[in-house]
């Protein structure tokens with residue numbers, strides 16, 4: 002078991018095969034110099050294998066010296082002082098090695114015979130390394146197995162994590178990648194099977210239900226395995242931050258249903274996850290005050306950091322259960338919480354080191370009062386590496402003086418009383434709450450319109466999913482774009498029917514007809530009320546709105562009767578509303594109106610003028626013909642008169658004065 006544990010922990014750093022001699026260097030970079038025992042807990046007579054990392058790839062050979070303390074750390078304060086880099090206790094040099102150029106770390110084996118520990122030694126032992134070029138000594142700890150005591154219970158809580166999505170559902174490919182070997186959900190399930198309490202995201206069963214027969218078989222198997230876990234609790238949809246939701250002080254609506262690819266709507270209950278305990282909310286890295294704690298703690302178990310508590314403690318580390326402001330909570334020991342967080346997030350040798358430090362701290366706590374059985378709690382962060390978390394769980398389960406406990410056991414311990422050191426929300430936390438509130442407000446406006454439709458559920462269901470996905474994304478990170486994306490997604494639902502505006506409209510005569518074109522952006526028929534109100538006294542329109550059914554993804558022309566009572570131009574205001582009175586769109590139409598009697602009068606006058614002109618021409622022609630016939634008019638004289646008139650007209654156009662050919666006109 003111990004050998005398997007050592008290999009598991011070594012794998013965290015992805016640094017290759019475990020070396021048994023000090024001459025084998027492993028090439029992999031760490032962010033900072035670190036030293037760590039490959040096996041965090043040693044039994045009597047076991048060799049010590051130490052990984053020493055320079056933090057960066059060495060350009061030249063680097064000398065390494067490994068040192069250990071001869072005695073176990075006696076108290077928590079002494080252990081904390083060592084980890085903080087304080088003090089200079091005496092250490093014994095037990096090995097030397099070289100990190101070769103081109104490598105960043107080396108595994109050094111120290112034979113048990115070379116270690117300055119007696120057979121009776123047990124507890125946390127100091128471990129250090131000096132590396133050429135490092136500014137200061139690199140520190141860690143290794144634990145010699147305790148002969149007895151405790152056991153001290155350790156509860157770890159962990160959340161499942163899923164890919165972000167705008168639609169609120171995972172695809173078949175995303176599900177398959179997550180639940181198969183090496184996938185995030187598969188690894189997180191393994192951590193829970195090793196004893197951690199696991200928060201389950203409802204997006205997984207919802208996606209499986211939506212996919213139906215297209216869902217990967219592995220996803221259904223994963224859900225079945227999750228349902229068999231002894232400790233599971235429900236997360237907010239999409240893994241949203243529960244504290245961010247509470248700060249927003251808005252009611253985020255749940256699922257309306259689960260839409261399938263063929264358009265069916267499945268019950269929202271298919272998204273429920275199997276749970277055995279109340280929701281757990283990790284507040285160890287968040288600001289919180291008494292009011293927020295009271296609201297969240299009413300329906301969930303809140304995990305606080307002891308740094309956020311004001312309390313007087315005995316020398317012995319207490320169990321996690323506490324009552325703060327009348328709320329039952331689990332208080333994570335601040336130092337333990339920091340070490341656990343580092344163990345599952347730091348990566349490389351730093352993760353192995355943090356795991357060793359965690360076991361050393363737990364050994365020191367157990368040695369404080371060997372006969373006292375306590376239960377401690379640590380919350381794994383949402384970005385925890387599942388492989389490192391499993392290694393930590395395995396390390397806890399490998400020793401007799403620790404036990405992997407459950408949440409119920411921790412809560413069953415007698416609670417201590419403490420006061421909360423309230424903290425104001427950070428700017429990032431306030432902004433996240435504001436974004437969540439904006440998302441819910443946008444959704445409410447869209448759903449108000451959708452509720453007026455004949456069958457709103459098929460439209461509301463995907464919007465709810467999109468809302469929950471956006472809330473989850475913006476609650477966990479500074480993602481203002483999530484709000485913008487959601488507004489764009491629901492835009493057709495917020496304004497499903499619009500008025501297609503055109504140019505000026507001429508209304509001639511009465512009654513006239515006004516043609517209004519409506520456009521529907523949704524793929525379902527929408528019933529609306531169209532109202533027209535004149536902005537001029539030249540026309541009159543009915544007061545009652547016209548009910549119109551606008552076809553799905555189409556347009557319709559709506560005729561509206563208009564009485565033209567006077568001549569003039571003006572505007573008509575158009576408004577489209579839902580049957581419940583929610584305005585969808587408005588427009589202003591410019592018109593030119595001319596009533597019927599004016600039109601008729603104009604036509605009559607024009608006809609009369611045409612008739613008079615025609616009658617005059619006809620009479621003139623007849624008179625001339627009659628004059629020619631009687632001999633009163635000489636045709637040649639008439640032709641000359643016509644020619645003279647034509648010349649006079651041409652001269653007038655040229656601006657000349659025609660010559661006067663009358664007798665005596667010229668001197």
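Numbering (this note's numbering), first residue to last: 2 to 668.
Cβ atoms here follow ideal geometry from the backbone N, Cα and C, with glycine treated the same way.
Practice item. Run the CB neighbour count on residue 538, radius 10 Å, all protein chains shown included, and call it buried at 16 or more, exposed below. Key: For this step, residue 538 is matched to residue 537 along the chain shown. With fewer than 16 other Cβ atoms within 10 Å, it is exposed.
Check your understanding: So, using beta-carbon positions, are residue 236 and residue 160 closer together than 7 Å?
Key -> Locating residue 236 in the chain shown gives position 235, where the first residue counts as 1. Locating residue 160 in the chain shown gives position 159, where the first residue counts as 1. A contact, by the Cβ cut-off of 7 Å.
**Study point:** Simplified DSSP state of residue 375, which is helix, strand or coil
**Key:** Position 374 of the chain shown holds residue 375. Residue 375: coil per DSSP, three-state reduction.
Practice item. Give a yes or no on contact between the segment 400–420 and the segment 361–380, applying the rule of three or more CB pairs nearer than 8 Å. Key: Contact holds: three or more Cβ-Cβ distances are below 8 Å.
**Study point:** Cβ separation of residue 472 and residue 500, assumed to be a contact under 8 Å, to the nearest whole Å
**Key:** Residue mapping note: residue 472 aligns to position 471 of the chain shown, counting from 1. Residue mapping note: residue 500 aligns to position 499 of the chain shown, counting from 1. Wrong, their Cβ atoms sit about 33 Å apart, outside the cutoff.
Check your understanding: Any idea what DSSP makes of residue 273, helix, strand or coil?
Key -> Sequence index remark: in the chain shown, residue 273 carries index 272 (1-based). Coil, per DSSP.
Check your understanding: Under three-state DSSP, which class holds residue 648?
Key -> For the purposes of this step, residue 648 is identified with residue 647 of the chain shown, where counting begins at 1. DSSP places residue 648 in helix when its eight states are reduced to three.
Review point. Are residue 106 and residue 54 touching if we call contact CB-CB under 7 Å?
Key: Reading the chain shown from its first residue, position 105 is the one you call residue 106. Reading the chain shown from its first residue, position 53 is the one you call residue 54. In contact: residue 106 and residue 54 (Cβ atoms closer than 7 Å).
Check your understanding: Does DSSP put residue 452 in a helix, in a strand, or in coil?
Key -> Along the chain shown, one-based indexing puts residue 452 at 451. Coil.
Check your understanding: Contact between the segment 37–44 and the segment 62–75: three or more CB pairs below 8 Å?
Key -> The segment 37–44 and the segment 62–75 do not touch, with fewer than 3 CB-CB distances between them shorter than 8 Å.
Exercise for review: Would you grab the beta carbon distance between residue 428 and residue 382 for me? Rounded to a whole angstrom, and I think it's under 8 Å.
Suggested key: Locating residue 428 in the chain shown gives position 427, counting from the first residue. Locating residue 382 in the chain shown gives position 381, counting from the first residue. Contact doesn't hold; Cβ gap of about 21 Å is too wide.
Review point. Quick one: what does DSSP say residue 425 is sitting in, helix, strand or coil?
Key: Translated into the one-based positions of the chain shown, residue 425 becomes position 424. DSSP, read as helix, strand or coil, puts residue 425 in coil.
Check your understanding: Quick one, which of 594, 561, 467 and 426 has its alpha-carbon nearest residue 506's?
Key -> Residue 506 sits at position 505 when you count from the first residue of the chain shown. Taking only the C-alpha atoms, the option nearest residue 506 is 594.
Check your understanding: Roughly how far, in whole angstroms, is the beta-carbon of residue 360 from the beta-carbon of residue 144, given that I think they are within contact range, below 8 Å?
Key -> Start at 1 with the first residue of the chain shown, and residue 360 comes out as number 359. Start at 1 with the first residue of the chain shown, and residue 144 comes out as number 143. Contact between residue 360 and residue 144 holds: their C-beta atoms lie close to 5 Å from each other, under 8 Å.
Check your understanding: So does the segment 516–534 actually touch the segment 198–206, counting three or more Cβ pairs closer than 8 Å?
Key -> Counting Cβ pairs under 8 Å, fewer than three are found: no touch.
Check your understanding: Residue range of the alpha helix (DSSP H) that residue 387 falls in?
Key -> Against the chain shown, residue 387 aligns to sequence position 386. Start and end: 387–398.
Check your understanding: Quick check: the segment 438–454 against the segment 391–411, are there 3 or more CB pairs under 8 Å?
Key -> Fewer than three pairs of CB atoms, one per stretch, sit closer than 8 Å, so the segment 438–454 makes no contact with the segment 391–411.
Review point. Given residue 133, which residues of its chain have a CB within under 7 Å of its CB, disregarding the five upstream and five downstream residues?
Key: Here the question's residue 133 lines up with position 132 in the chain shown. The residues are 63 and 64.
Review point. Grouping DSSP H, G and I as helix and E and B as strand, with all else coil, what is residue 154?
Key: Against the chain shown, residue 154 aligns to sequence position 153. If DSSP states are grouped into helix, strand and coil, residue 154 belongs with the strands.
Practice item. Quick one: give me the first and last residue of the alpha helix (DSSP H) that residue 174 is part of. Key: Indexing the chain shown from 1 puts residue 174 at position 173. For residue 174, the enclosing alpha helix (DSSP H) starts and ends at 173–180.
Point to revise | Simplified DSSP assignment, three categories, for residue 341 | key: As a first step, residue 341 is located in the chain shown; it is residue number 340 there, counting from the start. Three-state DSSP puts residue 341 in a helix.
Check your understanding: Could you give the residue range of the beta strand (DSSP E) that holds residue 571?
Key -> As a working note, residue 571 is residue 570 in the chain shown. From DSSP, the beta strand (DSSP E) with residue 571 extends over 569–578.
Point to revise | DSSP state of residue 444 mapped onto helix, strand, coil | key: Position 443 of the chain shown, counted from the start, is the residue given in the question as residue 444. Look at residue 444 here: in three-state DSSP terms it is helix.
Point to revise | Close-in-space but distant-in-sequence residues of the same chain around residue 98 (CB under 6 Å, 5 per side omitted) | key: Taking the first residue of the chain shown as 1, we reach residue 98 at position 97. Closer than 6 Å at the Cβ level, and outside the excluded window around residue 98, lie 23, 65, 107 and 109.
Review point. Expressed to the nearest angstrom, what Euclidean distance is found between the alpha-carbon atoms of residue 328 and residue 394?
Key: Looking up residue 328 in the chain shown gives position 327. Looking up residue 394 in the chain shown gives position 393. Their backbone Cα atoms lie some 29 Å apart in a straight line.
Review point. What residues match up with residue 563 in a beta bridge as DSSP calls it?
Key: Here residue 563 refers to the residue found at position 562 of the chain shown. DSSP output for residue 563 lists 513 as bridge partner(s).
Check your understanding: For residue 367 versus residue 77, is the C-beta spacing smaller than 7 Å?
Key -> Here the question's residue 367 lines up with position 366 in the chain shown. Here the question's residue 77 lines up with position 76 in the chain shown. Contact flag unset, no.
Check your understanding: Is the distance from the Cβ of residue 551 to the Cβ of residue 464 below 7 Å?
Key -> As a working mapping, residue 551 is identified with position 550 in the chain shown. As a working mapping, residue 464 is identified with position 463 in the chain shown. Not in contact: residue 551 and residue 464 (Cβ atoms no closer than 7 Å).
Review point. Is residue 252 buried or exposed, if buried means 16 or more other CB atoms sit within 10 Å of its CB?
Key: Locating residue 252 in the chain shown gives position 251, counting from the first residue. By the neighbour-count criterion, in which 16 or more other beta carbons inside 10 Å mark a residue as buried, residue 252 falls on the exposed side.
Review point. Are three or more beta carbon pairs between the segment 233–248 and the segment 467–486 nearer than 8 Å?
Key: With a cut-off of 8 Å, the segment 467–486 and the segment 233–248 count as touching, because enough Cβ pairs lie within range.
Check your understanding: Under the rule that 16 or more other beta-carbon atoms within 10 Å means buried, what is residue 232, buried or exposed?
Key -> By 1-based counting over the chain shown, the position of residue 232 is 231. Result: buried.
Point to revise | Rounded separation between residue 282 and residue 548 - CA only | key: Residue mapping note: residue 282 aligns to position 281 of the chain shown, counting from 1. Residue mapping note: residue 548 aligns to position 547 of the chain shown, counting from 1. Roughly 51 Å separates the two Cα atoms.
Exercise for review: May I have the straight-line CA-CA distance separating residue 584 from residue 456, to the nearest angstrom?
Suggested key: What you label residue 584 is simply residue 583 of the chain shown in a count that begins at 1. What you label residue 456 is simply residue 455 of the chain shown in a count that begins at 1. Distance between the alpha carbons of residue 584 and residue 456: 19 Å.
Check your understanding: DSSP state of residue 301, grouped into three classes?
Key -> Locating residue 301 in the chain shown gives position 300, where the first residue counts as 1. Looking at residue 301 - three-state DSSP - the assignment turns out to be coil, as it is neither helix nor strand.
Practice item. Could you check if residue 587 is buried or exposed, using at least 16 other CB atoms within 10 Å of its CB as the buried criterion? Key: Along the chain shown, one-based indexing puts residue 587 at 586. Residue 587 comes out exposed.
Check your understanding: Cβ atoms of residue 215 and residue 173: under 7 Å apart, would you say?
Key -> The residue given as residue 173 occupies position 172 in the chain shown. The residue given as residue 215 occupies position 214 in the chain shown. Taking the C-beta atoms as reference points, residue 215 is found nearer than 7 Å to residue 173.
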